[in-house]
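Written out below as structure tokens is the structure these notes cover.
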Amino acid sequence: YAFKDINPQAPFHVLVVHKEHIKNIDELNEKNRSIISDIFLAIHKIAQQEKLDKGYRVIINNGPAAGQVIWHLHVHILAGKDDLGPMLAQ
């Protein structure tokens with residue numbers, strides 16, 4: 430699934446969520462490893478459909494110290510600016 434973030438941090442900010450529930454990357458294993466490839470294939474498809482040819486950022490917040498507040502693995506796609514700025518806030 431993919432949908433617009435309710436609090437966008439860039440002109441284009443979409444979340445990609447797999448239908449199978451796992452809390453975060455720490456719950457990936459041999460049996461469910463296709464989740465991450467499914468998510469990244471979806472990101473590739475979205476980037477093509479939305480013509481994000483100038484570039485885009487892919488973010489996974491994994492755990493409380495990384496800012497994860499939704500306990501279902503999801504990936505942020507951010508784009509739509511000529512420069513998204515530094516990877517981390519200064």
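Take 430 as the starting number for the sequence shown in the working numbering and just add one per residue. Beta carbons: idealized from backbone N, C-alpha and C, even for Gly.
Since residue i and residue j should fall inside the 8 Å C-beta cutoff, what is the C-beta to C-beta distance between them, to a whole number of angstroms?
| i | j | result |
| --- | --- | --- |
| ALA508 | ALA471 | Actually they do not touch by this definition, with Cβ atoms about 15 Å apart. |
| ALA460 | HIS501 | A quick correction: the sequence has Lys, not Ala, at residue 460. Between HIS501 and LYS460 the Cβ distance is about 18 Å, and since that is not below 8 Å, they are no contact. |
| HIS505 | ILE488 | 4 Å |
On the criterion of 16 or more Cβ atoms from any shown chain inside 10 Å, does residue i qualify as buried, or is it exposed?
| i | result |
| --- | --- |
| LEU517 | exposed |
| ILE468 | buried |
| HIS503 | buried |
| ILE499 | exposed |
Identify which residue in the options has its Cα closest to the Cα of residue i.
| i | options | result |
| --- | --- | --- |
| PRO493 | ILE465, ARG462, ILE454, LYS483 | ILE454 |
| VAL445 | GLU456, ASN458, LYS483, ALA476 | ALA476 |
| ASP482 | GLY514, PHE441, HIS450 | PHE441 |
Check your understanding: Considering only residues of the stretch 431–493, which uninterrupted alpha helix (DSSP H) runs meet the minimum length of 4 residues and lie entirely inside it, listed in chain order?
Key -> Segments of the alpha helix (DSSP H) lying fully in the stretch 431–493: 463–478.
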